Amino acid sequence: MCRGIDGVIDTRIAKAEWPRNRRLKPSTVVPIRAAFSRRVKGRKITAIQRMGKRIVLILDDDWRIVFEPRMTGLALVANPPTDEHLRLSLHLRGGKVSLLMFWDRRGLSTLRLLSPEEFVKVLGPARLGPDALRISVRQLRETFGKSRRAIKVALLDQRCVAGIGNLYASEILFEAKVDPRRRCDLLTARQWSRIHTAISSVLVEAVSYEGSTLSDGTYRNALNQTGDYQNHHRVYDLAGQICCGCEGDEIRRIVQAQRSTFFCPTCQRMP
DNA sequence: CATATGTCCTGAGAGC
DNA sequence: TGCTCTCAGGACATAT
16 MCRGIDGVID TRIAKAEWPR NRRLKPSTVV PIRAAFSRRV KGRKITAIQR MGKRIVLILD
76 DDWRIVFEPR MTGLALVANP PTDEHLRLSL HLRGGKVSLL MFWDRRGLST LRLLSPEEFV
136 KVLGPARLGP DALRISVRQL RETFGKSRRA IKVALLDQRC VAGIGNLYAS EILFEAKVDP
196 RRRCDLLTAR QWSRIHTAIS SVLVEAVSYE GSTLSDGTYR NALNQTGDYQ NHHRVYDLAG
256 QICCGCEGDE IRRIVQAQRS TFFCPTCQRM P
């Protein structure tokens with residue numbers, strides 16, 4: 016997610032610009048735009064960091080700009096998909112990149128400017144679990160092992176493990192050959208081990224393909240290029256198709272916690 | 001305490 | 001053709 020925007024490191028923010036559009040309701044911005052602009056103006060971006068699904072820009076006064084793209088937000092250093100959905104432009108000086116833009120078609124994303132104290136409250140360990148790419152099997156079992164929740168639902172809980180989205184939870188459980196409806200407390204050590212391996216392999220593969228641009232076309236990388244991982248999905252958005260694993264059963268779509276889950280009933284048979 | 005549900009937002013697509 | 005309706009889902013607030 017931070018790929019392609021490393022060029023903003025060591026730049027100085029000359030201006031924050033908020034394009035106005037009457038058709039769109041404003042995205043969530045904290046604090047209000049005027050205060051945000053005033054505080055970031057003249058600040059240097061000293062580092063950039065991914066925390067779960069968020070992008071964090073660290074400023075030289077230790078305040079942080081936290082961007083949560085959620086479903087529809089993008090951070091871009093190239094022209095955005097449309098002009099009308101551009102939410103914020105940061106004009107930068109002194110580095111490789113002179114413009115960092117935040118774009119959002121539906122306004123579900125959030126932008127926050129946080130003091131060091133607020134940052135700990137919002138993104139501290141109480142609110143955000145260990146990163147999915149760093150968590151150990153032991154941590155995974157300690158976190159979820161006694162939960163009665165379905166494993167698919169649990170994997171989406173960012174307080175437990177950070178960085179797994181809905182699409183990836185389905186792909187991970189297919190790769191691990193685990194039924195998404197299975198209760199956490201009934202999973203075996205062998206299954207936890209496979210889930211742990213699958214978390215890394217699926218996420219690393221997805222990142223290598225620059226993510227998934229689904230049928231709504233929203234997702235783009237920082238250069239406004241579509242991802243290609245959607246062409247490598249094993250189950251997500253493939254309901255009714257023959258499973259690539261068993262080449263016999265059809266992929267099914269079910270709903271868990273109001274979210275789509277895709278799986279192969281044969282390859283991921285309980286228990 | 002653990003888990004479940006309602007809410008926000010826009011645009012695509014279905015149905016008539 | 002053009003309208004109305006439904007749906008998509010990440011994180012948080014509120015309810016059970």
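Numbering (the working numbering), first residue to last: 16 to 286. Glycine included, C-beta positions come from ideal geometry on N, C-alpha and C. For clarity, every value in this text was computed on a predicted model and none was experimentally measured.
*Arg209 versus Ser216: straight-line alpha-carbon distance, rounded*: 10 Å
*Could you tell me the boundaries of the alpha helix (DSSP H) in which Trp207 lies?*
Ala204 to Ser223
*Just checking my contact of Ala184 with Leu170 at CB under 8 Å: how many whole Å lie between their CB atoms?*
5 Å
_Using only CA atoms, which one of Ser104, Val222 and Leu155 lies nearest to Ala29?_
Ser104
*May I ask which residues mark the beginning and end of the alpha helix (DSSP H) holding Lys167?*
Ile166 to Leu170
_Residue from Thr125, Arg58, Leu143 and Arg284 whose Cα sits closest to the Cα of Pro46_ = Thr125
*Three-state class that DSSP yields for Glu83 in the structure shown*: strand
*Out of Gly122, Asn236, Thr233 and Tyr224, which has the shortest C-alpha to C-alpha gap to His247?*
Tyr224
*May I have the straight-line CA-CA distance separating Ser162 from Leu155, to the nearest angstrom?*
11 Å
_Backbone CA spacing between Asp21 and Arg284 [nearest angstrom]_ = 43 Å
*Cross-strand partners of His106 (DSSP beta bridge)*: Lys30 and Leu114
*What number of angstroms, rounded off, separates the C-alpha of Gln158 from the C-alpha of Val152?*
For clarity, residue 158 is Thr in the given sequence; the question names Gln instead. Their backbone Cα atoms lie some 10 Å apart in a straight line.
_Can you look up Gln271 in the DSSP assignment and give me helix, strand or coil?_
strand
*Tell me whether Glu190 is buried or exposed, calling it buried when 16 or more other Cβ atoms sit within 10 Å of its Cβ.*
buried
*Give me whichever residues DSSP pairs with Val44 in a beta bridge.*
Leu126
*Taking only the alpha-carbon atoms, compute the straight-line gap between Val71 and Met116 and give it to the nearest angstrom.*
14 Å
*What whole-angstrom Cβ distance do Ile269 and Cys258 have, given they're in contact under 8 Å?*
Not quite, the Cβ-Cβ distance comes to about 15 Å (not below 8 Å), so this is no contact.
*Take the Cβ of Arg142 as the centre, count every other Cβ of all protein chains shown within 10 Å, and call the residue buried at 16 or more, exposed below.*
exposed
*Output the boundary residues of the beta strand (DSSP E) element that contains Leu74.*
Arg69 to Leu74
*For Glu186, which of helix, strand or coil comes out of DSSP?*
helix
*Could you spell out where the beta strand (DSSP E) holding Gln64 opens and where it closes?*
Ile60 to Met66
_Spatial distance of Cys199 from Trp207 (CA atoms)_ = 9 Å
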